[in-house]
Amino acid sequence: MTTPIEETLVLVKPDGVARNLTGEILRRIEAKGYSLVDLKLLQADRELLAEHYAEHEGKPFYEPLIEFMESGPIVAMRVAGNRVIEGFRVLAGTTDPTTAAPGSIRGDFGRDWGLSVQQNLVHGSDSPESAARELALWFS
Ligand code: RTP
Ligand code: MG
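Note that the sequence shown covers residues 31 to 170 in our numbering.
Here you go:
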């Protein structure tokens, strides 16, 4: 039985782009065997970010998160591979960089800036439904 190849949305957040980590993040994705299907550098506007983070509207970290995501360019990638949605989240590590496992992107490069945990370098879709929704949003 064959499993259909999945696609996920990966974002290198403004902190990752500013710290010149885009290449390192892409290297890890490719080294794992996933394929880059599409990529762009963009300045996200509030409308796009509000749609992207709609599930977090009303939470205390929502406004600072949107402001951070608007603060500089983002690299958006469409990445394909077998179980890539789950696999990229393992590559990324847990949300909080302080406790993310060494060997993961957030574990190896994430810093606690004392600003909650917004600046954690990357985003990856968390389910097939999120991936479909987010890919349509960022690569329409
Ligand atoms: P992401 O969506 O960015 O891949 O991260 P995630 O699934 O690991 O985390 P999620 O719960 O979806 O939160 C989205 C982003 O919001 C920021 N955040 N801040 N308590 C806080 O201050 C807090 N919690 C979450 C992070 O940037 C997180 O990645
Ligand atoms: Mg999430």
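For glycine and all other residues, C-beta sits at the position ideal for the given N, C-alpha and C.
Once DSSP output is grouped into helix, strand and coil, what is the label at residue i?
i, result
"GLY53", "helix"
"GLU134", "The question names Glu, but residue 134 in the sequence shown is Ser. Strand at SER134."
"GLY23", "Summary: the structure shown does not reach residue 23, with the chain confined to residues 31 through 170, and so no result is reported for it."
So residue i is in the alpha helix (DSSP H); what residue range does that whole segment cover?
i, result
"ARG108", "Taken as a continuous stretch (DSSP letters only), ARG108 belongs to no alpha helix (DSSP H), being part of the beta strand (DSSP E) at 104 to 111."
"LEU78", "76 to 82"
"PHE98", "92 to 100"
"LEU167", "158 to 168"
Report yes if the C-beta of residue i is less than 8 angstroms from at least one heavy atom of ligand 2; otherwise report no.
i, result
"ASP156", "yes"
Following the continuous beta strand (DSSP E) through residue i, name the residue where it begins and the one where it ends.
i, result
"LEU41", "36 to 42"
"LEU121", "Taken as a continuous stretch (DSSP letters only), LEU121 belongs to no beta strand (DSSP E), being part of the alpha helix (DSSP H) at 114 to 122."
"LEU66", "65 to 72"
"GLY88", "Element bounds for GLY88: n/a, residue is neither H nor E."
Would you say the beta carbon of residue i comes nearer than 8 angstroms to a heavy atom of ligand 1?
i, result
"LEU95", "yes"
"PRO44", "no"
"ARG49", "no"
"PRO90", "yes"
"VAL114", "no"
"ARG119", "yes"
"ALA7", "Because the chain is modelled from 31 through 170, residue 7 falls outside the range shown and cannot be assessed."
"ALA122", "yes"
Please list, in chain order, all residues of the same chain as residue i whose beta carbon is under 8 angstroms from its beta carbon, the five residues on each side excluded.
i, result
"ILE96", "ARG76, LEU79, ALA80 and TYR83"
Would residue i pass as an interface residue toward chain C - the criterion being a Cβ-Cβ separation below 9 angstroms?
i, result
"VAL120", "Any reference to chain C falls outside this structure, which holds one protein chain only."
If I measure Cβ to Cβ from residue i and keep anything under 6 angstroms in the same chain, skipping five residues before and after, which residues do I get?
i, result
"ILE115", "GLU36, THR38, SER155 and ALA161"
Touching or not, the stretch 151 to 159 and the stretch 62 to 80, by the rule of three or more beta carbon pairs under 8 angstroms?
no
Would the stretch 37 to 47 count as touching the stretch 100 to 114 if we require 3 or more Cβ pairs under 8 angstroms?
yes
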